[in-house]
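K.L.:
Per numbering that gives the first Met the number 0, the very first residue in the sequence shown carries number 0; after that it's consecutive. Glycine is no exception: its CB is placed at the ideal position from the N, C-alpha and C atoms. For clarity, every value in this text was computed on a predicted model and none was experimentally measured.
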Amino acid sequence: MIKANVIVSDKSWINFIKEPEKYLKKKLKKLNNNKLLKNKKIEFTLLLTGSDEIKKLNKKFRKKNKITDVLSFPSESLRKIKKLLKKKQLFYLGDIIININKITKNLSDDNFNYKFDKLWIHGLLHLLGSRHISKKEYIKMEKLEEKFFNLIK
């Protein structure tokens, strides 16, 4: 079972998703039935924020003084996460931070949820160990993102 703690630090999120925690819970319920994540007991935090806060976090933890759309901070090393995923006990996977200003830039009315879903899935895959440094990793992660996205539609 996948659980998420949702923290809204930028109130403009409520203009697009009235109850973010409820919204995400419905999406995660669909993922919980997937064979890739079935019987996994993981929890993560999703911080819904804006440009100023994500820029500060990006500078502090990644030494990049720029605004980004999503950040992921795993709680453990990749090796330890892989070991923990094999066990049946609940463990804390890490944190995902999403910037509303990047989602709403060039936004049409019907694609906010699409963009949001793409970003939190991207962040979740990073917490689970996916990377996209090389072209091969990028293609593999892109396929996984599409698979997860199709599961939550």
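Alpha carbon to alpha carbon, what distance is there between isoleucine 151 and glutamate 144?
P.N.:
By 1-based counting over the sequence shown, the position of residue 144 is 145. By 1-based counting over the sequence shown, the position of residue 151 is 152. Near 11 Å, if we compare the C-alpha coordinates of isoleucine 151 and glutamate 144.
K.L.:
Considering asparagine 4, what are the terminal residues of the beta strand (DSSP E) in which it resides?
P.N.:
Position 5 of the sequence shown, counted from the start, is the residue given in the question as residue 4. Per DSSP, asparagine 4 belongs to the beta strand (DSSP E) from 1-7.
K.L.:
Which residue or residues does DSSP assign as beta-bridge partners of glutamate 42?
P.N.:
Here the question's residue 42 lines up with position 43 in the sequence shown. According to DSSP, glutamate 42 bridges with Lys2, Tyr91.
K.L.:
Tell me, please, whether the segment 84-93 touches the segment 64-76 by the rule of three or more beta-carbon pairs shorter than 8 Å.
P.N.:
yes
K.L.:
So what does DSSP say about asparagine 98, is it helix, strand or coil?
P.N.:
Here residue 98 corresponds to residue number 99 of the sequence shown, with the count starting at 1. Residue state, collapsed to three classes: strand.
K.L.:
Nearest by alpha-carbon distance to serine 8: which of Ile96, Asn31, Leu106 is it?
P.N.:
The sequence position of residue 8 within the sequence shown is 9, counting from 1. For the residues Ile96, Asn31, Leu106, the minimum Cα distance to serine 8 belongs to Ile96.
K.L.:
What three-state label does DSSP hand leucine 70 in the structure shown?
P.N.:
If you number the sequence shown from 1, residue 70 lands on position 71. Under the three-state reduction of DSSP output, leucine 70 falls in the strand class.
K.L.:
With distance defined between alpha-carbon atoms, name the residue in Phe111, Ser129, Ile132, Phe147 nearest to phenylalanine 15.
P.N.:
The residue labelled residue 15 in the question sits at position 16 within the sequence shown. Among Phe111, Ser129, Ile132, Phe147, the Cα nearest to that of phenylalanine 15 is on Phe111.
K.L.:
Alpha carbon to alpha carbon, how far is threonine 48 from glutamate 63? Give it in angstroms, no decimals.
P.N.:
One-based indexing of the sequence shown puts residue 63 at position 64. One-based indexing of the sequence shown puts residue 48 at position 49. Correcting the residue type first, residue 63 is lysine in the shown sequence and not glutamate. Distance between the alpha carbons of lysine 63 and threonine 48: 18 Å.
K.L.:
Would you tell me roughly how many angstroms separate the C-alpha atoms of lysine 135 and isoleucine 80, rounded to the nearest one?
P.N.:
Looking up residue 135 in the sequence shown gives position 136. Looking up residue 80 in the sequence shown gives position 81. Distance from the CA of lysine 135 to the CA of isoleucine 80, rounded to the nearest whole angstrom, comes to 21 Å.
K.L.:
Suppose contacts are defined by Cβ-Cβ distances below 9 Å. Is lysine 2 in contact with phenylalanine 43 by that definition?
P.N.:
The sequence position of residue 2 within the sequence shown is 3, counting from 1. The sequence position of residue 43 within the sequence shown is 44, counting from 1. Yes, the Cβ-Cβ distance between lysine 2 and phenylalanine 43 is below 9 Å.
K.L.:
Among Lys28, Glu18, Ile53, Ile132, whose alpha-carbon lies nearest the alpha-carbon of isoleucine 99?
P.N.:
Along the sequence shown, read from residue 1 onward, the residue named residue 99 stands at position 100. With distances taken between Cα atoms, isoleucine 99 lies closest to Ile53.
K.L.:
From Leu23, Lys146, Lys142, Thr67, pick the residue whose C-alpha is nearest to that of aspartate 51; which is it?
P.N.:
Position 52 of the sequence shown, counted from the start, is the residue given in the question as residue 51. The shortest Cα separation from aspartate 51 among Leu23, Lys146, Lys142, Thr67 belongs to Thr67.
K.L.:
Using a Cβ-Cβ cutoff of less than 7 Å, which residues in the same chain neighbour asparagine 32 once the five nearest sequence positions on both sides are dropped?
P.N.:
Residue numbering aside, residue 32 sits at position 33 when the sequence shown is read from its first letter. Closer than 7 Å at Cβ, skipping near neighbours: no residue.
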